[in-house]
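These protein sequences, in sequence, are chains A and B. The first sequence runs 1 to 115 under our numbering. The second sequence runs 116 to 230 under our numbering.
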Amino acid sequence: DAGVIQSPRHEVTEMGQEVTLRCKPISGHDYLFWYRQTMMRGLELLIYFNNNVPIDDSGMPEDRFSAKMPNASFSTLKIQPSEPRDSAVYFCASSPAVGIQETQYFGPGTRLLVL
Amino acid sequence: AQKVTQAQTEISVVEKEDVTLDCVYETRDTTYYLFWYKQPPSGELVFLIRRNSFDEQNEISGRYSWNFQKSTSSFNFTITASQVVDSAVYFCALRGQGGSEKLVFGKGTKLTVNP
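Structure, rendered in structure tokens:
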């Protein structure tokens, strides 16, 4: 069975440009999570969805960041306009159902560099 | 508040040595789960193990073993007879009832196994 799929794997863009990161969760998983990883702050949860509905976006840094999940098999994280401090690895993860016992399975990440 | 501390930032060993990665956690929840993830140089996050707060039995999987001690709030990870392929950053994480679906990560320990 395919794992979490993310695209692109690498993205280099210039400050001010719009960036869209994409994620396809594992089929049948009801929860989808977006994380950001930086050297300074480690792994941070940005937002998560349950059955395509955003549940907690308190980790989203600012209004330049937005996330959507139009259906059960696709989510996007958009940064507009991008800034150099947004450079990081962005991970998408999914888990089967509700409950603290559920394991989150991570995608390979998107390495974003904003020049 | 929930917190995970991995005091060892970097560890370097020679192949075939045993190595223990420390993880100390803080939570007020009585029910919680602990996780370990591996992040090899390729960058993806790989799930290794999940342990619930009511199960203090140690677990062994091949060369990997985990020691969970509630009395010291620790969930340490030991690699026996380390190999070069074990070189990675290892993350300990916590998820408790009070934190809803959020997975709280430690800062990670970078393990380098030299030939």
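Built from N, CA and C at the ideal position, the CB exists for glycine as well. Note that the structure is a prediction, hence the values are computed from the model and not measured.
Beta-carbon gap between residue i and residue j smaller than 7 Å
{"i": "residue 206 (chain B)", "j": "residue 103 (chain A)", "result": "no"}
{"i": "residue 190 (chain B)", "j": "residue 136 (chain B)", "result": "no"}
{"i": "residue 144 (chain B)", "j": "residue 211 (chain B)", "result": "yes"}
{"i": "residue 225 (chain B)", "j": "residue 125 (chain B)", "result": "yes"}
{"i": "residue 128 (chain B)", "j": "residue 176 (chain B)", "result": "no"}
{"i": "residue 204 (chain B)", "j": "residue 154 (chain B)", "result": "yes"}
{"i": "residue 120 (chain B)", "j": "residue 139 (chain B)", "result": "yes"}
{"i": "residue 18 (chain A)", "j": "residue 80 (chain A)", "result": "yes"}
{"i": "residue 47 (chain A)", "j": "residue 63 (chain A)", "result": "no"}
{"i": "residue 37 (chain A)", "j": "residue 88 (chain A)", "result": "yes"}
{"i": "residue 20 (chain A)", "j": "residue 76 (chain A)", "result": "yes"}
{"i": "residue 165 (chain B)", "j": "residue 183 (chain B)", "result": "no"}
{"i": "residue 109 (chain A)", "j": "residue 158 (chain B)", "result": "yes"}
{"i": "residue 59 (chain A)", "j": "residue 83 (chain A)", "result": "no"}
{"i": "residue 69 (chain B)", "j": "residue 146 (chain B)", "result": "Beyond the ends of chain B as shown, which are 116 and 230, falls residue 69 (chain B); an answer cannot be given."}
{"i": "residue 52 (chain A)", "j": "residue 69 (chain A)", "result": "yes"}
For residue i: DSSP bridge partner residues
{"i": "residue 54 (chain A)", "result": "A:49"}
{"i": "residue 42 (chain A)", "result": "A:38"}
{"i": "residue 113 (chain A)", "result": "A:12"}
{"i": "residue 154 (chain B)", "result": "B:204"}
{"i": "residue 185 (chain B)", "result": "Residue 185 (chain B) pairs with nothing; no bridge assigned."}
{"i": "residue 88 (chain A)", "result": "A:112"}
{"i": "residue 32 (chain A)", "result": "A:49, A:94"}
{"i": "residue 129 (chain B)", "result": "B:229"}
{"i": "residue 59 (chain A)", "result": "Paired residues: none, contrary to the question."}
{"i": "residue 180 (chain B)", "result": "B:175, B:193"}
{"i": "residue 68 (chain B)", "result": "With chain B covering 116 to 230 only, the question about residue 68 (chain B) has no answer from this structure."}
Within chain B, the residues that residue i reaches when beta carbons sit closer than 7 Å
{"i": "residue 38 (chain A)", "result": "Correct list: empty, because the minimum Cβ distance to chain B is about 11 Å."}
{"i": "residue 49 (chain A)", "result": "Those within 7 Å of residue 49 (chain A) in chain B number zero; the least Cβ separation is about 10 Å."}
Beta strand (DSSP E) segment containing residue i, residue limits
{"i": "residue 5 (chain A)", "result": "5-7"}
{"i": "residue 69 (chain A)", "result": "65-71"}
{"i": "residue 76 (chain A)", "result": "74-79"}
{"i": "residue 167 (chain B)", "result": "161-167"}
{"i": "residue 120 (chain B)", "result": "118-120"}
{"i": "residue 143 (chain B)", "result": "Unbroken run through residue 143 (chain B): none, as it is neither H nor E."}
{"i": "residue 176 (chain B)", "result": "174-176"}
{"i": "residue 222 (chain B)", "result": "It is not in any beta strand (DSSP E) - residue 222 (chain B) carries neither H nor E in the DSSP assignment."}
{"i": "residue 20 (chain A)", "result": "19-24"}
{"i": "residue 135 (chain B)", "result": "134-136"}
Partner residues on chain A for residue i, Cβ-Cβ distance less than 8 Å
{"i": "residue 211 (chain B)", "result": "100"}
{"i": "residue 147 (chain B)", "result": "100"}
{"i": "residue 206 (chain B)", "result": "43"}
Partner residues on chain A for residue i, Cβ-Cβ distance less than 9 Å
{"i": "residue 150 (chain B)", "result": "103, 104"}
Residue i: contacting residues in chain B (beta-carbon distance under 9 Å)
{"i": "residue 108 (chain A)", "result": "157, 158, 159, 160"}
Residue-chain proximity (residue i, chain C), Cβ-Cβ < 7 Å
{"i": "residue 220 (chain B)", "result": "Any reference to chain C falls outside this structure, whose protein chains are A and B."}
Cross-chain neighbours of residue i in chain A, by beta carbon under 7 Å
{"i": "residue 217 (chain B)", "result": "45"}
Q) Which residues, in chain order, does the segment 19-45 of chain A contribute to contact with chain B at a C-beta distance below 7 Å? A) 31, 42, 43, 45
Q: Scan the segment 153-179 of chain B for residues whose Cβ lies nearer than 7 Å to a Cβ of chain A and list them as they occur along the chain.
A: 158, 159, 160, 162, 165, 167
Q. Which of the residues in the segment 67-99 of chain A, read from start to end, lie with their CB under 9 Å from any CB of chain B?
A. 89, 91, 93, 95, 98, 99
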